[in-house]
Amino acid sequence: MPITFMTVFLLVPLGLMVVVSFWQRVGLRIRPAFTLASYLDFFQGVRLTVLERSLLISAEATLISLLLAYPIAYVLAYKARPNTTRTVLLLLTVPFLINYIIRTFAWTYLLGRTGPINSLLLGLGIVSTPVDWLLFSDFAVFVGLISSYMPFMIFPLWMSLSGIDRRLTEASWMLGAPPLRTFLRITLPLSLPGVFAAVIFGFVGCFGESAVPVILGGVGYQLMGNTITSTLDVLNYPLAAAMSSVVVIAMVVLLGCWYAVFDMSTFLGKILRWRV
52 MPITFMTVFL
62 LVPLGLMVVV
72 SFWQRVGLRI
82 RPAFTLASYL
92 DFFQGVRLTV
102 LERSLLISAE
112 ATLISLLLAY
122 PIAYVLAYKA
132 RPNTTRTVLL
142 LLTVPFLINY
152 IIRTFAWTYL
162 LGRTGPINSL
172 LLGLGIVSTP
182 VDWLLFSDFA
192 VFVGLISSYM
202 PFMIFPLWMS
212 LSGIDRRLTE
222 ASWMLGAPPL
232 RTFLRITLPL
242 SLPGVFAAVI
252 FGFVGCFGES
262 AVPVILGGVG
272 YQLMGNTITS
282 TLDVLNYPLA
292 AAMSSVVVIA
302 MVVLLGCWYA
312 VFDMSTFLGK
322 ILRWRV
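If you're matching positions, the sequence shown starts at 52 in this note's numbering and goes up one per residue.
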């Protein structure tokens, strides 16, 4: 049953998307054919610049999110009490009870000229006029991406850190290794499967994001997600399918690297053995 469900609702739509990407657009109609025109249009046009920018921004946002999420996950796994860990993990899920678009629009108020952040900066005398680059800029897009996908990254990091055998770190301390060396030689290497899983969650989400660039980036701010959406709006289905196929292939390659580098069964075993 799961295989049938996956085939019908995942593989079939992906297959149709790939097929449509080779079709030909004639006026406002599409005609079944086999042509690489959509792929050539994508890789030879300005949309290739959008792809490069999307890769760069997604990588930067994922890196910043990882640098913020790892210390949080480490504290939850090693320093916090069990009740505190449960509370924090529960609070991380609360924002997802609110509509995603509403949460994104909330940042337009917080980062706006008359928002609380500018009001605080003005009140403290740090600036004399409202800061304009807080909204409708790369900074705003980064804030939106990080706030949206960092919680997804904390969970695999925490589960990976929680699954590390504490006897290994205790043995390192007993042998006289300082905390930093213990972290670099034991904790960090053993948590790499969780790190890579977190990177995949963050990067895939950021790379396919469509709402944040439109709402927080402003008019004309293009990433792959909203570029595909705008292509669909003008009924250019073959080009939209070609761009989507490229995104899917890139994500499959990323997942393939994870499976090739890390033992998936070992990682899942650690997740199943965690204790809060």
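Think of the CB as a built atom: it goes at the ideal place given N, C-alpha and C, for glycine as much as any other residue.
- When the Cα atoms are used, G253 and M204 turn out to be separated by approximately 6 Å.
- In the DSSP assignment, I149 falls outside any alpha helix (DSSP H) and carries neither an H nor an E.
- Going by beta carbons, L119 and P202 fall outside the 8 Å limit.
- Residue F247 holds the alpha-carbon nearest to the alpha-carbon of G307 among T280, L290, S295, F247.
- By the Cβ-count criterion, R132 is exposed, with fewer than 16 other Cβ atoms from all chains shown falling within 10 Å of its own Cβ.
- Between the stretch 207-225 and the stretch 286-303, the count of C-beta pairs closer than 8 Å stays below three; the two stretches do not touch.
- Contact between L274 and V101 is confirmed by a C-beta separation of about 7 Å, below the 8 Å threshold.
- Per the DSSP secondary-structure output, R80 pairs in a beta bridge with V77.
- Annotated as proximal: A128 and W209, with beta-carbon spacing under 8 Å.
- Taken in chain order, the complete alpha helix (DSSP H) segments of 4 residues or longer contained in the stretch 253-320 are 262-268, 275-284, 288-312.
- For T233, the uninterrupted alpha helix (DSSP H) segment begins and ends at 230-233.
- With a contact defined as Cβ atoms closer than 8 Å, L107 and V192 miss out at about 12 Å.
- Pairing I177 with S116, the inter-Cα distance amounts to about 27 Å.
- Residue state for I215 is assigned as coil, using DSSP reduced to three classes.
- The criterion of a C-beta distance shorter than 8 Å is not satisfied by A293 and S105.
- If you draw a 10 Å sphere on the C-beta of W184, you find fewer than 16 other C-beta atoms in it, and that means exposed.
- 8 Å or more divides the Cβ of L241 from the Cβ of I279.
- The closest CA to that of A262, considering only R137, R154, Y125, is found on R154.
- Check the Cα spacing between L148 and each of S199, L171, L172, V182: the tightest is with S199.
- Closest by C-alpha distance to L196, out of E103, L65, A110, is A110.
- Shown here, R132 sits in coil according to DSSP, grouped into three states, outside any helix or strand.
- Boundaries of the alpha helix (DSSP H) harbouring D92: 88-95, taken from the DSSP string.
- Annotated three-state conformation of F203 is helix, per DSSP.
- Counting other Cβ atoms within 10 Å of its Cβ, E260 reaches 16 or more and is therefore classed as buried.
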